[in-house]
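Count along the sequence shown from 1, then add 69; that gives the number in the working numbering. Positions of the beta carbon are idealized from the N, C-alpha and C atoms, including for glycine. On a predicted model such as this, the values are computed, not experimentally measured, just so you know. Report on one structure; see the data block that follows.
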Amino acid sequence: MLGTLGSVALVLTSLGALTAATASPAAANPCGFYETGSDAFYNHCTSDGSHVVIKVDVAWAADYERCVGPGTSWLGSAAKIQGAHYTGRTC
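What follows is the structure, encoded as structure tokens:
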């Protein structure tokens, strides 16, 4: 049991280090979904030019999928957009 917990802790620590390394080049525009005081964005951090499908979670309306390219995409008002995540597909 203790060995399993140690392994899980190591994996979680590694994932945290990876996330921190990914977000450090532009703390103002982190990779993935983020909000400012009034707007919601998705920043697709890539160097290969790929386009990916994200699912956008909308408050009081139907969620939708959207294809985004490299860089930051505006999703809408932060009051309306609850989140967004990569679906695992390219477009």
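Could you tell me the distance, in whole angstroms, from the CA atom of residue i to the CA atom of residue j?
| i | j | result |
| --- | --- | --- |
| Y111 | E134 | 12 Å |
| D117 | A128 | 32 Å |
| Q151 | S119 | 25 Å |
| Y103 | G145 | 11 Å |
| G157 | H113 | 13 Å |
| P94 | T141 | With a pLDDT of only 48 at P94, under the threshold of 50, the placement of this residue in the model should not be trusted, and no figure is reported. |
| D132 | D108 | 17 Å |
Suppose contacts are defined by Cβ-Cβ distances below 7 Å. Is residue i in contact with residue j by that definition?
| i | j | result |
| --- | --- | --- |
| P139 | T115 | yes |
| C100 | C136 | no |
| Y155 | V121 | yes |
Please classify residue i as buried or exposed, where buried requires at least 16 neighbouring CB atoms within 10 angstroms.
| i | result |
| --- | --- |
| A153 | buried |
| A130 | exposed |
| A97 | exposed |
| A148 | exposed |
| T91 | With a pLDDT of only 46 at T91, under the threshold of 50, the placement of this residue in the model should not be trusted, and no figure is reported. |
| W143 | exposed |
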